[in-house]
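> Which chain is which? The protein sequence lines are A and B, in order. So the first sequence is residues 121 to 765, counted in my numbering. So the second sequence is residues 478 to 707, counted in my numbering. The C-beta atom is built at its ideal place from N, Cα and C for all residues, glycine as well. Below you'll find the structure I mean.
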Amino acid sequence: MRFRPAALVPYAVLAASTLLLVAVGAWYARAGGDDPATAGAHLTRAEWQVVDTQGFRAPPSTVDSASLPGTWQPVVLPDALHDAKSGPADGGVRTSWVKLSTQGLAIPPGPLLLYGARIHTDGTIAIYVNGQLVHRAQAQGPLWNSLFTPLLVDLTEHEGGAVPKEILLRIEHTSSFRVGVSSLWLGSPDAMRERYYVRLWLQQEMPATLNTAFLAVGFFALFIWFKRRHETSYLLFFYLAATSFAAHMHYYANLPIASGWFAWMTLNALFWLIVAIHFFLRQLHGRRLLWLTRGLVGISATITVLTLPSIQVLSVMPNAPIVAPSIYAIILLAALTVSIVDGVAAWNRSREGRLLMLCLGVCVLLGIPDWMLHNHVMNPEGWFTGAYTNAVTFGAFGLLMYRRYINAIGEVERINASLAQRLQQRESELALSHRRLLEAELRQTISDERQRLMQDMHDGLGSSLISAIRSVQGGGVDSGQVSQILKDCLDDLKLTIDSMEPVDADLLLLLAMLRFRLEPRLKTAGIALSWEVQDLPALSWLDPSSALHILRIAQESIANILRHAQASEIRVRTTVATDAIEVHIEDNGRGFDIERALAAATGRGLHNQQRRAAAIGGTVTWQAIDGGVRFTLRLPLERQVVPAG
Amino acid sequence: MNTARHDADPPLIHVAIVEDDPSFCMALSQAVHAAADMLLVGVASSRIEGLALLQGPPADVLLVDLGLPDGSGIDVIRAAVQQWPSCSIMVSTNFGDETHVMRSIEAGAAGYLLKDSSPVRMVDEIRSLASGGSPISPIIARQILARFRQPGPDPQPVAQAPAAPDLLSPREREVLDLITKGFTAQEIAKLMQLSPFTVRSFVRRIYNKLQVSSKAEAIYEARTLGLLPD
């Protein structure tokens with residue numbers, strides 16, 4: 121098997137990255153060390169009592185639990201502490217005391233840490249060990265993230281490391297508030313820290329990270345929308361990221377609950393988020409669902425306005441005992457409605473709609489524990505899973521974007537492929553039509569050439585041969601004459617062949633060819649040829665057909681001199697006029713009566729010359745000169761019309 | 478033509494002929510017989526006989542017809558160039574048309590003879606060829622000029638890789654140029670102040686260069702074909 125490094129490299133990179141992540145996770149998970157089950161004692165059995173007080177007070181540094189005025193009631197943690205007797209309804213302050221004994225529990229030796237998942241109150245928290253104050257939490261009242269931040273108390277510096285016998289919790293709260301207390305753990309620092317950090321990470325840090333990532337991707341979508349304004353789903357995505365970021369801020373904000381604006385914002389952002397998801401789904405399934413839209417927008421707007429801190433019709437402080445839980449219920453209800461109605465509408469139309477519906481459903485499920493925790497339906501050690509709704513939304517919308525991205529790439533590739541295919545098809549079509557055109561052109565050329573040669577042979581070679589045959593049959597001619605006629609025929613043929621050579625618009629070359637052919641005959645006839653030519657401009661119209669006409673005209677002229685003029689010298693000259701070239705062929709023979717020759721029927725040669733000259737847009741003239749005739753062929757430099765033949 | 482027929486003792490010109498047309502063969506034989514300075518040493522009427530003829534003692538002038546009954550005279554010309562290097566080869570042709578003549582020159586012929594030439598002209602041409610001269614026509618001159626086209630005035634030099642433009646000297650180029658304008662060797666000699674023989678020997682040199690360049694071209698083309706089939 122051949123080793124192909126290029127194919128393996130990507131897998132190696134994938135394996136290395138995965139391994140790195142797994143290693144980091146493993147290291148982080150194992151950093152806790154000891155087995156938590158054996159490294160600590162679980163404190164669940166407690167006694168509690170509630171005492172009315174005058175306002176919030178700083179906790180005393182020592183408390184003797186036996187001196188507290190109330191009667192102790194047993195309770196099994198985690199639980200909500202519910203007082204049967206109703207306290208003052210005017211929102212006065214009460215203090216709940218919770219006493220836990222370590223008797224009978226296996227407390228590990230060495231330094232100890234106290235851990236608890238959550239103490240839910242709207243006031244302060246103080247912790248006493250063996251009557252000594254060891255820890256205070258949310259001394260200025262609850263923080264936004266108090267509910268999501270576990271408790272960890274270092275006991276090593278107190279009591280000189282003495283084994284704690286009794287742990288006492290002092291919990292201040294408003295009279296109508298139901299305090300929730302989780303079970304506590306007492307154990308080695310490593311074990312307790314591990315519990316603490318795992319809880320902190322899962323409940324707070326990881327959702328915060330995902331939330332930030334969601335927002336970052338939201339900004340990415342926003343910048344896409346800047347470039348592609350018509351695709352509003354990108355803007356909607358940004359809106360979604362922004363609202364969900366805002367809606368979950370209270371999970372992470374380590375600030376006192378002081379400003380109503382923050383609560384207003386985080387709470388109402390959930391409504392806006394649901395409205396956004398509804399619009400998103402509407403885009404996907406394409407139905408208007410008017411009543412749902414109106415209802416959602418109406419409820420959201422109403423609650424948004426009513427909860428405005430400046431109006432204060434409804435309080436949104438998380439500890440407001442009635443309003444906040446009911447608003448959460450409305451939110452859950454709205455989310456559930458959108459999830460079902462839009463989900464049904466989108467079910468058969470869009471896979472993406474189905475995905476979003478499932479996402480919203482999961483979010484509702486995740487939101488229910490939050491509501492239950494807020495309303496003490498669930499014990500206070502539970503998880504606020506609502507923090508993960510963001511992760512789910514992010515995951516779902518991330519999946520949508522991923523699908524669009526992959527589809528877009530696929531589409532581009534498909535279009536490119538089909539473009540290439542179409543281009544190839546077009547090219548082959550073009551090549552085919554080009555070839556057909558060439559073939560047609562070639563056929564035309566061949567046909568033209570054939571016609572030209574036929575015409576020439578008919579007039580020249582054909583008639584010369586026929587007259588030769590007739591002469592031989594008549595018996596009135598000697599073999600010398602027959603030989604002469606045949607030689608003329610051969611000369612005709614040679615000129616026909618010469619006319620097919622490309623002369624590149626060079627008239628002089630054409631004349632040179634003629635001289636080359638006729639020279640032997642002139643020599644035989646004893647006639648001197650004076651070649652007085654000069655360089656000539658190119659004749660762009662000089663095609664084989666025109667070339668043959670010119671050759672025949674000049675040939676005829678020289679033949680006439682040979683036949684009739686009894687000349688001893690022929691001069692061939694060329695002159696260039698402004699718009700024409702003139703070829704002069706002069707002899708020193710006895711001359712002839714030009715008028716009469718042209719008029720006579722026997723002047724067929726002269727008429728042929730005139731006809732041929734006209735065919736190429738030129739003229740021929742004869743002029744008597746001192747002791748002979750000057751024949752002039754005048755050829756235009758440019759030919760306007762191209763006559764056939 | 479000034480036929481230098483001094484009855485001193487110039488060696489006889491040995492003439493051989495490869496020709497399947499008996500009448501031309503006869504006419505040529507008679508013309509050679511009539512010439513006192515020539516001797517017909519071999520006659521072949523096919524390609525095979527022609528190639529066999531080349532095994533014998535070399536002649537001074539070999540006349541070859543291209544259209545032989547059993548193949549092309551070009552083969553005979555190529556073989557003659559190899560086996561009779563001192564021999565001047567002449568192709569006999571009806572029309573002296575460009576296609577036939579150029580191919581023959583590229584194969585190694587030094588001249589051509591029109592079959593309808595008069596007997597006097599025939600022996601003149603043979604004599605001129607034997608003495609190192611070569612005939613040329615305007616069409617052939619134009620073809621050779623095109624083949625050795627100089628880069629410069631022409632904006633698009635012809636893509637004939639091995640045909641070095643410098644192969645022709647300025648004077649050779651001038652001779653060819655005058656021939657395309659219709660001037661005869663005698664007139665050119667007068668214009669360029671040379672002897673007519675020098676002009677004809679220029680032509681022979683040009684033919685040799687054409688043969689060399691066409692060989693190089695053939696190698697180039699073979700390579701191209703090897704690289705790019707079809």
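Indicate whether B/Leu545 and B/Ser569 have their beta-carbon atoms separated by less than 7 Å.
Here residue 545 of chain B corresponds to residue number 68 of the second sequence, with the count starting at 1. Here residue 569 of chain B corresponds to residue number 92 of the second sequence, with the count starting at 1. Not in contact: B/Leu545 and B/Ser569 (Cβ atoms no closer than 7 Å).
> Are the stretch 337-344 of chain A and the stretch 293-303 of chain A touching, with three or more C-beta to C-beta distances below 8 Å?
no
> Under a CB-based cut-off of 7 Å, is A/Ile670 close to chain B?
Position 550 of the first sequence holds residue 670 of chain A. Output row for A/Ile670: interface = no.
> For B/Asp497, name the three-state secondary structure that DSSP assigns.
Counting from 1 along the second sequence, the entry for residue 497 of chain B is found at position 20. Looking at B/Asp497 - three-state DSSP - the assignment turns out to be coil, as it is neither helix nor strand.
> Which one or two residues does DSSP pair with A/Pro194 in a beta bridge?
Mapped onto the first sequence, residue 194 of chain A falls at position 74. Paired residues: A/Glu167.
> Against chain A, does B/Lys667 count as a neighbour if the rule is that its beta carbon must be under 7 Å from one of theirs?
Here residue 667 of chain B corresponds to residue number 190 of the second sequence, with the count starting at 1. No, B/Lys667 does not count as interfacial toward chain A.
> With DSSP collapsed to three states, give me the class of A/Ala276.
Walking along the first sequence from the start, residue 276 of chain A turns up at place 156. The residue you asked about is not Ala; residue 276 of chain A is Thr in the sequence shown. Residue state, collapsed to three classes: coil.
> Are the Cβ atoms of B/Val495 and B/Ala607 separated by less than 7 Å?
In the second sequence, the residue the question calls residue 495 of chain B occupies position 18. In the second sequence, the residue the question calls residue 607 of chain B occupies position 130. Their beta carbons are not under 7 Å apart, which means B/Val495 does not touch B/Ala607 by this criterion.
> Using a beta-carbon distance cut-off of less than 9 Å, what residues from the stretch 664-689 of chain B approach chain A?
Glu664
> Determine whether the Cβ of B/Arg619 lies closer than 7 Å to any Cβ atom of chain A.
Here the question's residue 619 of chain B lines up with position 142 in the second sequence. For B/Arg619, the answer is yes, since a Cβ of chain A falls inside 7 Å of its Cβ.
> What is the DSSP secondary structure of A/Glu501, reduced to helix, strand or coil?
For the purposes of this step, residue 501 of chain A is taken as the residue at position 381 of the first sequence. The three-state secondary structure of A/Glu501, taken from DSSP, is coil.
> Are any of the Cβ atoms in chain B nearer than 7 Å to that of A/Leu606?
What you label residue 606 of chain A is simply residue 486 of the first sequence in a count that begins at 1. False, the Cβ-Cβ gap to chain B never drops below 7 Å.
> How big is the Cα-Cα spacing for B/Arg555 and A/Leu615?
The count along the second sequence starts at 1 and reaches residue 555 of chain B at position 78. The count along the first sequence starts at 1 and reaches residue 615 of chain A at position 495. Straight-line Cα distance between these residues: approximately 30 Å.
> In angstroms, rounded to a whole number, what distance separates the CA positions of A/Phe517 and A/Leu263?
Along the first sequence, read from residue 1 onward, the residue named residue 517 of chain A stands at position 397. Along the first sequence, read from residue 1 onward, the residue named residue 263 of chain A stands at position 143. About 31 Å.
> Since A/Gln677 and A/Gln729 should fall inside the 8 Å C-beta cutoff, what is the C-beta to C-beta distance between them, to a whole number of angstroms?
Walking along the first sequence from the start, residue 677 of chain A turns up at place 557. Walking along the first sequence from the start, residue 729 of chain A turns up at place 609. The amino acid at residue 677 of chain A is misidentified as Gln; the sequence shows Ser. Their Cβ separation, rounded to whole angstroms, is 7 Å, which keeps A/Ser677 and A/Gln729 in contact under 8 Å.
> With 8 Å as the C-beta to C-beta threshold (strictly closer), list the residues of the stretch 593-627 of chain B near chain A in chain order.
Asp593, Ser594, Ser595, Arg598, Ser614, Pro615, Ile616 and Arg619
> Return the residues of the stretch 563-585 of chain B that lie within a Cβ-Cβ distance of less than 9 Å from chain A, sorted by chain order.
Asn571, Phe572, Gly573, Asp574 and Glu575
> Would you list, in chain order, the members of the stretch 642-670 of chain A that have their beta-carbon closer than 7 Å to a beta-carbon of chain B?
Trp651 and Val653
> Take B/Ser611 and list the residues in its own chain whose beta-carbon comes closer than 7 Å to its own, dropping the five residues that flank it on each side.
Numbered from its first residue, the second sequence carries residue 611 of chain B at position 134. Answer for B/Ser611: Ala587, Gly588, Arg677, Val680, Arg681 and Tyr684, listed in chain order.
> Which first and last residues belong to the beta strand (DSSP E) in which B/Ser565 is found?
In the second sequence, counting from the first residue as 1, residue 565 of chain B sits at position 88. Where B/Ser565 is concerned, the enclosing beta strand (DSSP E) stretches over Ser565 to Thr570.
> Write down the C-beta distance between A/Ala389 and A/Thr363 rounded to the nearest angstrom, noting that I regard them as a contact closer than 8 Å.
Position 269 of the first sequence holds residue 389 of chain A. Position 243 of the first sequence holds residue 363 of chain A. Correct: roughly 5 Å between the Cβ atoms.
> Going by Cα to Cα distance, which pick from A/Trp168, A/Asp199, A/Leu585 and A/Phe391 is closest to A/Arg290?
Taking the first sequence and counting its residues from 1, the one referred to as residue 290 of chain A is at position 170. Looking at the Cα atoms, A/Trp168 is the closest of the given residues.
> Does the CB of B/Gly544 have a neighbour CB from chain A at under 7 Å?
The residue given as residue 544 of chain B occupies position 67 in the second sequence. Not closer than 7 Å to any Cβ of chain A, the Cβ of B/Gly544 fails to qualify, so no.
> Using a Cβ-Cβ distance cut-off of 7 Å, determine whether B/Gly659 contacts chain A.
For this step, residue 659 of chain B is matched to residue 182 along the second sequence. At least one chain A Cβ lies under 7 Å of B/Gly659.
> Given a threshold of 16 other Cβ atoms within 10 Å of its Cβ, counted over all protein chains shown, does A/Tyr448 qualify as buried or as exposed?
As a first step, residue 448 of chain A is located in the first sequence; it is residue number 328 there, counting from the start. So A/Tyr448 counts as buried.
> Once you ignore the five residues that flank A/Asp576 on each side, which residues in its own chain have a CB closer than 7 Å to its CB?
Stepping through the first sequence from its first residue, residue 576 of chain A is reached at position 456. The beta carbon of A/Asp576 sits closer than 7 Å to the beta carbons of Thr616 and Leu668 from its chain, once the five residues preceding and following it are set aside; these are given in chain order.
> Could you check where the beta strand (DSSP E) with A/Gln258 kicks off and where it finishes?
Sequence index remark: in the first sequence, residue 258 of chain A carries index 138 (1-based). It is not in any beta strand (DSSP E) - A/Gln258 carries neither H nor E in the DSSP assignment.
> Is the beta carbon of A/Val213 closer than 7 Å to that of A/Ile247?
Residue 247 of chain A sits at position 127 when you count from the first residue of the first sequence. Residue 213 of chain A sits at position 93 when you count from the first residue of the first sequence. Going by C-beta atoms, A/Ile247 is not nearer than 7 Å to A/Val213.
> Closer than 7 Å, CB to CB, is A/Lys347 near chain B or not?
Within the first sequence, residue 347 of chain A is the residue found at index 227, counting from 1. No - not a single Cβ of chain B is within 7 Å of the one on A/Lys347.
> Enumerated in chain order, which unbroken segments of the alpha helix (DSSP H) with a length of 4 residues or greater are wholly contained in the stretch 385-431 of chain A?
410-426
> So, helix, strand or coil for A/Asp618, using DSSP?
Translated into the one-based positions of the first sequence, residue 618 of chain A becomes position 498. DSSP places A/Asp618 in helix when its eight states are reduced to three.
> Determine the closest residue to B/His491 out of B/Gly519, B/Ala511 and B/Ser500, with distance taken between C-alpha atoms.
Here residue 491 of chain B is taken as the residue at index 14 of the second sequence, counted from 1. Of all alpha-carbon atoms in B/Gly519, B/Ala511 and B/Ser500, the one lying nearest the alpha-carbon of B/His491 is that of B/Gly519.
> Which value, in whole angstroms, describes the spacing of the CA atoms of A/Tyr371 and A/Ala127?
Here the question's residue 371 of chain A lines up with position 251 in the first sequence. Here the question's residue 127 of chain A lines up with position 7 in the first sequence. Looking at the two C-alpha atoms, the distance is approximately 46 Å.
> Just to confirm, are A/Ile287 and A/Val249 a CB contact at a threshold of 7 Å?
The residue you call residue 287 of chain A lines up with position 167 of the first sequence. The residue you call residue 249 of chain A lines up with position 129 of the first sequence. Yes, the Cβ-Cβ distance between A/Ile287 and A/Val249 is below 7 Å.
> Beta carbon of A/Ile705, beta carbon of A/Ile647: below 7 Å?
Within the first sequence, residue 705 of chain A is the residue found at index 585, counting from 1. Within the first sequence, residue 647 of chain A is the residue found at index 527, counting from 1. In this structure, A/Ile647 does not lie closer than 7 Å to A/Ile705 by Cβ.
> How long is the line joining the alpha carbons of B/Ala530 and B/Ala521, rounded to whole angstroms?
In the second sequence, counting from the first residue as 1, residue 530 of chain B sits at position 53. In the second sequence, counting from the first residue as 1, residue 521 of chain B sits at position 44. According to the sequence provided, residue 530 of chain B is Leu. The question's Ala does not apply to it. Taking the Cα positions, B/Leu530 is about 7 Å away from B/Ala521.
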